[in-house]
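Position in the sequence shown counted from 1, then plus 87, gives you my numbering.
Heads up: the structure comes next, in structure tokens.
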Amino acid sequence: MNPIEIRTVNTTRYVTPLREGGSLPAIAEADDGFLYVLKFRGAGQGVKALIADLIGGELARAAGLKIPEIVFANLDEAFGRTEPDWEIQELLRKSEGMNLGLHYLSGAITFDPAVNKPDAMLASNIVWLDCLLTNVDRTARNTNMLIWKRELWLIDHGASLYFHHSWDNWKEQALRPFVQVKDHVLLPWATELKEAGEQFKAIFTPERIRAILAIVPDEWLLAEHFDTTAAEIREVYEQFLITRINSSEIFVKEAQNAREALV
């Protein structure tokens, strides 16, 4: 398959922090004239949150779900020197270099399960994908979904793939059910999980997974690893995802049981 292209922009103006995010993301302007929600490598979760956001976002896009354009956002060392907030200035200083940006959806509103009722197939697709990614951050308290132009858009997969915070037992974690699915905001509508899995298994081929992993910058992969190579780290991500896909009946059964208990 063709390589995936991710644009690189240079951040030119810090607009405003998004205080609701624990890692202090911000709206910023880039040299292409567009606004982006920036996720900073210097935030508490470090580059692993950026890696998870990039992989999760591009897997969602490959699955046909709505995702804002993801870009690499360079942060110059001079950027933010005039920022009066010391906490933000420190964050910007620690984030010099390549960060992650999502195209800002102006006018979008937060998904509200009391108002917005997704159809069963869409809900099932999102729940299945989040089970694959072990995404713990799609709850009623923090949906990480937006309604923009009457369509449902996914944002922020930084809390996914939490196996990479402890590499030693990744094989075991790849085979675990996703028990946190019981808190998934879309679980009540996810009645088509089996069908979702059938279509996603055809989409998430090893070739497609490798193409997505290929766009993750080596410097991010090596940021916290000093005794291995970027290729070896990519291989772990690849095998983790392939293993979970091939054994997806484990997390589908967990999700179905959680939904039955819920409804």
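Glycine included, each C-beta is placed from N, C-alpha and C at the ideal position.
Computed from a predicted model, the values in this text were never measured in an experiment.
Taking every protein chain shown into account, the CB of residue 151 has fewer than 16 other CB atoms within 10 angstroms, so this residue is exposed.
In this structure, DSSP gives residue 205 a state outside helix and strand, which the three-state scheme calls coil. Two segments are said to touch when three or more pairs of C-beta atoms, one from each, lie closer than 8 Å; by this definition the segment 300 to 308 does not touch the segment 264 to 274. In this chain, the alpha helix (DSSP H) harbouring residue 333 covers 317 to 333. By alpha-carbon distance to residue 286, the top candidate from 350, 321, 213 is 213.
Beta-bridge partners assigned by DSSP to residue 104: 113.
Look at the beta carbons and you see the segment 227 to 235 not touching the segment 287 to 300: under three pairs across the two are nearer than 8 Å. Counting only the Cα atoms, residue 223 lies some 18 Å from residue 344. Residue 246 and residue 317 have their alpha carbons spaced roughly 21 Å apart.
Within the segment 121 to 160, complete alpha helix (DSSP H) segments of at least 4 residues are found at 134 to 149, given in chain order. Spanning the alpha carbons of residue 114 and residue 276 requires a straight line of approximately 32 Å. Contact between residue 188 and residue 96 holds, with the beta-carbon distance rounding to 7 Å and staying under 8 Å. In summary, residue 279 is buried, with 16 or more beta-carbon neighbours lying within 10 Å of its beta-carbon over all protein chains present. Between the C-alpha atoms of residue 332 and residue 142 there is a straight-line separation of about 15 Å. Here the alpha carbons of residue 158 and residue 190 stand approximately 8 Å from one another. Within a 10 Å sphere around the beta-carbon of residue 205 sit 16 or more other beta-carbons, which makes this residue buried. Looking from the CA of residue 325, the closest CA among 186, 251, 183 belongs to 251. When only Cα atoms are considered, residue 135 and residue 178 end up about 16 Å apart. Within the segment 238 to 306, the runs of beta strand (DSSP E) that reach at least 3 residues and sit entirely inside it are, in chain order, 238 to 241.
Closest by C-alpha distance to residue 208, out of 162, 273, 260, is 273. Beta-bridge pairing by DSSP links residue 88 to no other residue.
Excluding residues up to 5 positions away in sequence, 320 lie with their Cβ nearer than 7 Å to the Cβ of residue 312 in the same chain. DSSP places residue 93 in the coil class of the three-state scheme, outside both helix and strand.
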